[in-house]
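Which chain is which? The protein sequence lines are A, B, C and D, in order.
Take 561 as the starting number for the first sequence in my numbering and just add one per residue.
Take 4 as the starting number for the second sequence in my numbering and just add one per residue.
Take 3 as the starting number for the third sequence in my numbering and just add one per residue.
Take 195 as the starting number for the fourth sequence in my numbering and just add one per residue.
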Amino acid sequence: MSEATATRTPPAVDAFEPKIIAFVCNWCTYTGADLAGTSRLQMAPNVRIIRLPCTGRIDPLFIVKAFERGADGVIVSGCHPGDCHYTAGNFHARRRFAVAREIMGFLGIDLDRVTFSWVSASEGGKWSEVVNETTARVRKLGPFNTYRDLVAGS
Amino acid sequence: MARIGVFVCHCGENIGRTVDCAQVAEACGSFPGVVHSVDYKYMCSDPGQLQIKEAIKEKGLTGVVVAACSPHMHEKTFRKAAAAAGLNPFLCEMANIREHCSWIHEDRARATAKAIDLTRFIVEKVKRNQPLVPISIPVERRALVIGAGIAGIQAALDIADGGREVILVEKEPSIGGHMSQLSETFPTLDCSQCILTPRMVEAFQHPRIKLMTYSEVESLEGYIGNFAVTIRKKARSVDDELCNGCGDCQSACPVKKIPSEFDAGLGKRTAIYVPFPQAVPNIPVIDRERCTRFKAMRKGKKKEVCGRCLKACGREAIDFAQEDRLITEKVGAIVFATGYQLYSIGEEQPREHLSGYGEYGYGEIPDVIDGMQFERLASASGPTGGRIERPSDGKEPETVVFLQCVGSRDPQKGIDYCSKLCCMYIAKHTMLYRHKVHHGRAVVFYMDVRAGGKGYDEFVRRAVEEDGAEYVRGRVSRLYRAGDKVRVCGFDTLSGEPLEMDADMVVMATAIQPQPGIESLAQKLSVSYDKSGFINEAHPKLKPVETNTAGIYVAGACQAPRDIPDAVAMASAAASKVLGLFSNEELERDPCVAQVDETTCSGCFHCERVCPYGAVEHLEVRDRGGNLIKVIAKVNQGVCQGCGTCQATCPSKSVELLGFTDAQIFAAINSL
Amino acid sequence: MKLGYFPGCSLHATAREFDESLRAMAPRLDLELDEVEDWACCGATSAHNTNHLLSVSLPARTLAISEAQGHESLLAPCAACYSRLAYARHALEADPSLCDPVKDAIGREPPTTVQVLSIVRLLADLAPRIREKVATALDGVQIACYYGCLLARPAELNDVGSVEAPTAMEDVVKAVGATPVVWNQRLECCGGGFSLSRKASVVRLSRSIVEDARAAGAAALVVACPMCHLNLDFRQKAIARRSGERADMPVFFLTQLVGLALGMSATELGLGRHYVSTADFVARLSGQEGAAESASEEIKEVG
Amino acid sequence: MPPLAGQGRCLESVPWRGAPVSPGETTLEVSVSHNDHTGSTLAAHVRQVTGLNPARCYQCGKCSAGCPMAAEMDFRPHDVLRLIQQDKREQLLSGESLWLCLTCETCTARCPNECDPARVIDTLREMVWRDNGGAGAPRHIRAFHKSFLKQIRRSGRIFEFGLVAGYKMRTGSLFSDVGAVPGMLKRGKLALTPTRIKGLDEIRRIFDKCAAAETDAEEP
Ligand SMILES: Cc1cc2nc3c(=O)[nH]c(=O)nc-3n(C[C@H](O)[C@H](O)[C@H](O)COP(=O)(O)OP(=O)(O)OC[C@H]3O[C@@H](n4cnc5c(N)ncnc54)[C@H](O)[C@@H]3O)c2cc1C
Ligand SMILES: Cc1cc2nc3c(=O)[nH]c(=O)nc-3n(C[C@H](O)[C@H](O)[C@H](O)COP(=O)(O)OP(=O)(O)OC[C@H]3O[C@@H](n4cnc5c(N)ncnc54)[C@H](O)[C@@H]3O)c2cc1C
Ligand code: SF4
Ligand code: SF4
Ligand code: SF4
Ligand code: SF4
Ligand code: SF4
Ligand code: SF4
Ligand code: SF4
Ligand code: SF4
């Protein structure tokens, strides 16, 4: 099923709608998302973007924090490898996330809830795909309650 | 206590159609710290901006959030408005509820909810924003140009004519680069020397150009506006103050059989030499590798051998004891213009992963030459005085076969790209040849003819239609000696027939490659280069002469294969960038740069390792007695570009990117 | 040095002299040849042209046996066999997905360690030893080294130097004192496996090889492949008929040439089995009155 | 989801899943070319079997310029690549040119784009052989391959006398090279009795498993 149609039919009131936080770089993905807007590409309204200068700025703790604060999914997106506005920032980001992945497993966060992608400034279409695909995936996984339960339990 | 104002924009119908702006404004009004929240039809209009200014003054706002379009659209506008009302512009930010919300959703309720979320993020962030002051750095208004081919010369002249001083560094004994070797030039067939030499002399005599030939960049420190460059002036063994260029030393030198680099190996030179008669400066240099005296010295012989040049020189300009000198200069901008070299047809390749042309004899067939050698043969100032003679026996070749794309467009040899110039100069060569040898046959094996410049295709057509060049579409498989001829095994893909022919001479258009050593120079300057070694421009379309290091520009064939018109256009563009930079005494920079907390930094220097710009420096912290306590990181704000990689890497959270601090971002996340 | 040995089908028949000369020469160079037990045909062009899996599996079986026999290196003198065996080793390494089907086909573990060695590489490596042991130096004798296609190509299997300018065979020829001529056709194909099935093509291609060698002043051709030998030696009469020349360019296996220099007899080297007589060449070599006759006697006897 | 028109890059989101990142990987191109490599075209077949992309060929003709058999072929190596690009299956596979290739690898050694025409031709020949036993091949060449493979299956090795005999029987060209046999016998170059290896059952197994060869070997 295509995500676009899913959003046109309003979901049942009590259906689970995931909250997704996107950490994106200012130069590529943010601009790509702007392009999606200018091109009026309809997509799932579940994603909230936080703008950063570069994926290199993204601390894995942001992701953990987002989940702790009730996000059900996270997108991390920046320039294509080799295209980084800052030469190598996204390269370091990738290295860091290779490690972060393991930590997240350790913290009990299902890696399927996190999408890493490259979206360039000209890939508005790709951005909408990333948004829709992630939303659909996280919706299937259901709400992320691990942390909420923890907080509630303590 | 924060006093934030929120301004929600309808953008006419653009936002208002899907987002209930009034509801957003109302919701925002209830966020802690928000003291003012309104919606309006067009925020960016004059009345809209006025509202913001007034609210800042009347309500004493400490921060402004405009929920409207993308900050890429209007951040500057609103920050200016805030500044006009006396608020630090960095305390004003935008929430993007148009591109990222109203335009991409249809469900009004959910779009409105999202708009509220997005605005809340920014409100929380802005609450923690600090006033920032744009960084200003003084500009050293002198430029360095590296490489004095046509590109470097042009850039130097333009900058100098614009009123600024230039240091022009050339590693060879003379300026001029490859253009000085060319015979006549496409697309007009004017004589290369005739148009170049005046430029060379002009550069030499220009009061604001400091020429440093036989010199190379040793190291570079600093950042845009404030570079300190150290240049190695190689020992010439001739005192350039005393020498008057009479040439007596050259006539006296007994070592006469050194293949001349200028003549692409076809002519000979002496051990003390000027590369060519029109060289600038016209001051010889001793080739210490070849000079018998220096050879003897290296072998440890005490006795001073030869020295004929010394005796011949009436001005006592020869100085065998001269040593390399290191000179440091302060400059504010740099133009990278080191040009190209040709792919070697021999087995030995300048770059490791490349392979030579075994099927074409690895350069062992004497009558197989490259394009530059043909230029020298055709040049009136060349070793044959402009007569086309083949190297093996000096006969005038009756049939010349030209091969295009040798080494270019050839992933197997390690080069994928098209060298861009060769289609044109091969067409030129066929013309030059046919003009000189009227009965001769000029056969070109090509794959495509790429002649996309002004007057270029007409030029190629002329070679075919007027000058009788025969074009055969197909790559040649093999060359080998057949008697005193060269057998060419080709295939005509248009007629579908194998085509074998004997040539008296074969000219190969070998690939254009960056100069050897370009990688290490680029690393010294921290500019990036592609896998072939060409310097990367900052943006292929919009920043074609900038590199990704601020203050360093690129021109000519070191960026990609470039012909003379391109090289000159780039050079002038780079020069105008430099002059633009120099039109300010000080530079203003976005203050979103990193800052190290001296108290917590442990000096692990992880930040230094990840910083793509080398912005992290070492700072020695001493007590009052001057004893070293610790060495910590310090970000040079002139160099830092604000990527934030250091911050995400720092294990002790000691470095913060202003404008994107952890406090700001966590606040946004926490508001979820 | 102990080597695994894969003679291949041709060395038992049409190229018997290749086998004979190699076996006879081996002890003189301190080589011990340990034949692979119960080896099978490499499949040659026919398997290769028609069934990729078969063309890997047949050699893979032989290689597996060789490995089980403890061979580190396996010598395959026939260039075609070398090519097939080396290809199988390469393919199994480069394409792990082949391993299972091959294992299934041969019912053994596919080979992983044994290295395939061509005779040219082997002799080039032994050049210093050969030089020491030369009894009859072939001083000044002009030799055209012919690689053909399978020794130099494809690049992944080449063990004789660069693809376009290999030198290994010349190194061997120099080691015995002879002079390798500079000529153009040393890497061109002779027509290979078409000897029987497309004679006209073979004659056309082989002709330009023989003619070019002659033009370069070669007194003999040297080869390392039974197919090349067949096409250049056995077919030389047909070639000569076309070009109006005499069929008088002797074609030696590299081992025979080395054998001659080591002082081995024509019989030992199987020189009598050639179509183009080698007698004149051998006679000129020994350079002695009477030696010529006895050499040709010897050769005739075998014939 | 079908890719949007006009966008060269692959549109699936590319999650960073998988192995740890190494520096070399930064140059990894995540775009996927839209050249068909899964369909039923000839190009797709070649790509699946060999991993080679026939679309790389830019028709420079260098392969054909060096091919020793080009003079005798209807389709030269570069034509083969072109016909694949155009998916002219019938035209290409029914011709005899494929069978004239000697696998001398000259084309492959020199192709600037690493198209490996020799391997491509092998792949096509194998395809034809499996489909119809090499019907398009010149009679003599086909007969030769059949005899050859049959020999191996029967004895594990080539017994040249038998091979020649079998081949002559198939082609009926009994008299060409007829003078050769006595000469060969005289020179000890033809054994009259075949050698059979011990592991014949192994050889049969190999043939059976490599199924495509089976039919040919069974043929009388
Ligand atoms: C055979 C041939 C024919 C051509 N014909 C034509 C033609 O007809 N028309 C046309 O428009 N174009 C022609 N071109 C192209 C032309 O040569 C180039 O466009 C032009 O020379 C590029 O100028 P450049 O200054 O960028 O590089 P270059 O001419 O290569 O100059 C670079 C200079 O930098 C110096 N340098 C290199 N490294 C360093 C270093 N580390 N430190 C200091 N100095 C350094 C070099 O010594 C050199 O002097 C031809 C090219 C070839 C190969
Ligand atoms: C189909 C197509 C696809 C292309 N794709 C690419 C691509 O992918 N990448 C790429 O790099 N390039 C591409 N180009 C080329 C690109 O469009 C041009 O390089 C670029 O637009 C040129 O910019 P310009 O400013 O020189 O000219 P223009 O874009 O033509 O701008 C000239 C402006 O001047 C105005 N004007 C004209 N006369 C007057 C006058 N008398 N008084 C006042 N104003 C006047 C015009 O109205 C116009 O606004 C493409 C071109 C075409 C046709
Ligand atoms: S501020 Fe932006 S959203 Fe508002 S009216 Fe102007 S362009 Fe439209
Ligand atoms: S002889 Fe002396 S003055 Fe004349 S060119 Fe040579 S060094 Fe210069
Ligand atoms: S010392 Fe002699 S060899 Fe050296 S440059 Fe002077 S004249 Fe030439
Ligand atoms: S410019 Fe012409 S000759 Fe040169 S690489 Fe490009 S296509 Fe080939
Ligand atoms: S990474 Fe952090 S602690 Fe380490 S040197 Fe840099 S700022 Fe200091
Ligand atoms: S923000 Fe980026 S450029 Fe600035 S110091 Fe940190 S890593 Fe370097
Ligand atoms: S050499 Fe390669 S690229 Fe050129 S036509 Fe042949 S297959 Fe195509
Ligand atoms: S491998 Fe075949 S197609 Fe290629 S050059 Fe040799 S004979 Fe020609």
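A virtual CB, placed ideally from N, CA and C, is assigned to each residue, including glycine.
Per DSSP, cross-strand counterpart(s) of residue i
i: T513 (chain B); result: B:V409
i: F230 (chain B); result: B:G225, B:V334
i: T675 (chain A); result: A:I635
i: P141 (chain B); result: B:E589
i: N99 (chain B); result: B:A71
i: M4 (chain B); result: DSSP output for M4 (chain B) lists no bridge partner at all.
i: V371 (chain B); result: B:V509
i: G645 (chain B); result: Bridge partners of G645 (chain B): none, in fact.
Any non-hydrogen atom of ligand 5 within 8 Å of residue i CB
i: L212 (chain B); result: Correcting the residue identity first, residue 212 (chain B) is Ile in this sequence and not Leu. False, no ligand heavy atom lies under 8 Å from that Cβ.
i: A274 (chain B); result: yes
i: L31 (chain C); result: no
i: T295 (chain B); result: yes
i: V258 (chain B); result: yes
Residue i beta carbon near ligand 4 (any heavy atom closer than 8 Å)
i: P287 (chain B); result: yes
Distance cut-off 8 Å: residue i Cβ against heavy atoms of ligand 1
i: Q518 (chain B); result: yes
i: C561 (chain B); result: yes
Ligand 10 heavy atom lying under 8 Å from the CB of residue i
i: L384 (chain D); result: no
i: M203 (chain B); result: no
i: C492 (chain B); result: no
i: P332 (chain D); result: no
Residue i Cβ short of 8 Å to ligand 2 heavy atom set
i: K423 (chain B); result: no
i: K302 (chain B); result: no
i: K457 (chain B); result: no
Check your understanding: With distances taken from each beta carbon to the nearest heavy atom of ligand 9, which residues come in below 7 Å, in chain order?
Key -> B:R478, D:R250, D:C251, D:Y252, D:Q253, D:C254, D:G255, D:K256, D:C257, D:S258, D:P271, D:H272, D:L275, D:C301, D:R304, D:C305, D:P306, D:N307, D:C309, D:P311
Practice item. Run through the segment 477-502 of chain B for me and flag every whole beta strand (DSSP E) of 3 or more residues, listed as ranges in chain order. Key: 481-485, 488-495
Exercise for review: Please specify which runs of the beta strand (DSSP E), each continuous and at least 3 residues long, are wholly inside the segment 418-475 of chain B, giving them in chain order.
Suggested key: 444-449
Practice item. Return the chain-ordered ranges of every alpha helix (DSSP H) run that is complete within the segment 244-303 of chain D and spans a minimum of 4 residues. Key: 256-260, 271-279, 283-288, 291-294
Exercise for review: Residues of the segment 243-269 of chain D with a CB closer than 9 Å to any CB of chain B: list them in chain order, please.
Suggested key: R250, Y252, Q253, C254, G255, K256, C257, S258, A259, G260, C261, A264, A265
Review point. Taking Cβ-Cβ distances below 7 Å as the criterion, which residues of the segment 600-621 of chain A are in contact with chain B?
Key: R600, L601, Q602, M603, P605, R608, I609, I610, L612, P613, C614, G616, R617, I618, D619
**Study point:** Secondary structure, alpha helix (DSSP H): runs of 4+ residues fully inside the segment 110-183 of chain C
**Key:** Those alpha helix (DSSP H) runs which fall completely within the segment 110-183 of chain C and span 4+ residues are 121-127, 129-135, 170-177.
Practice item. Give the residues from the segment 346-380 of chain B that approach chain C closer than 7 Å (Cβ to any Cβ), ordered along the chain. Key: G361, E362, Y365
Point to revise | Continuous beta strand (DSSP E) assignments of at least 3 residues falling wholly in the segment 160-216 of chain B | key: 168-172, 212-215
Review point. Mind listing which residues of the segment 166-182 of chain C have their C-beta closer than 8 Å to chain B's C-betas, in chain order?
Key: E166, A167
Point to revise | In chain order, each beta strand (DSSP E) run of at least 3 residues that lies wholly inside the segment 47-88 of chain B | key: 66-71
Practice item. Could I get the ranges of all uninterrupted alpha helix (DSSP H) runs contained in the segment 211-285 of chain C, with 4 residues as the minimum, in chain order? Key: Counting whole runs of 4 or more residues, the segment 211-285 of chain C contains the alpha helix (DSSP H) stretches 228-231, 238-245, 256-263, 268-271.
Exercise for review: Give, in chain order, every residue of the segment 283-317 of chain D whose Cβ lies closer than 7 Å to some Cβ of chain B.
Suggested key: R304, C305, P306, N307, E308
Exercise for review: At 4 residues or longer, and completely inside the segment 504-572 of chain B: list those alpha helix (DSSP H) runs for me, N to C.
Suggested key: 521-527
Check your understanding: In chain order, what residues have a CB nearer than 6 Å to some heavy atom of ligand 4?
Key -> Checking every Cβ against the heavy atoms of ligand 4 under 6 Å gives B:V241, B:C246, B:N247, B:G248, B:C249, B:G250, B:D251, B:C252, B:P287, B:A315, B:C316, B:R318, B:A320, B:I321.
Check your understanding: Closer than 9 Å, Cβ to any Cβ of chain D: which residues of the segment 11-22 of chain C, in chain order?
Key -> C11, S12, H14, A15, T16, A17, R18, E19
Exercise for review: Select from the segment 335-351 of chain D all residues with a C-beta closer than 9 Å to any C-beta belonging to chain C, and list them in chain order.
Suggested key: Listed by position, the residues of the segment 335-351 of chain D near chain C (Cβ gap below 9 Å) are I335, R336, A337, F338, H339, K340, S341, F342, L343, Q345, I346, S349, G350, R351.
Check your understanding: At which residue ranges does the segment 304-360 of chain B contain complete beta strand (DSSP E) runs of 3 or more residues, listed in the order of the chain?
Key -> 328-334, 336-339, 343-345
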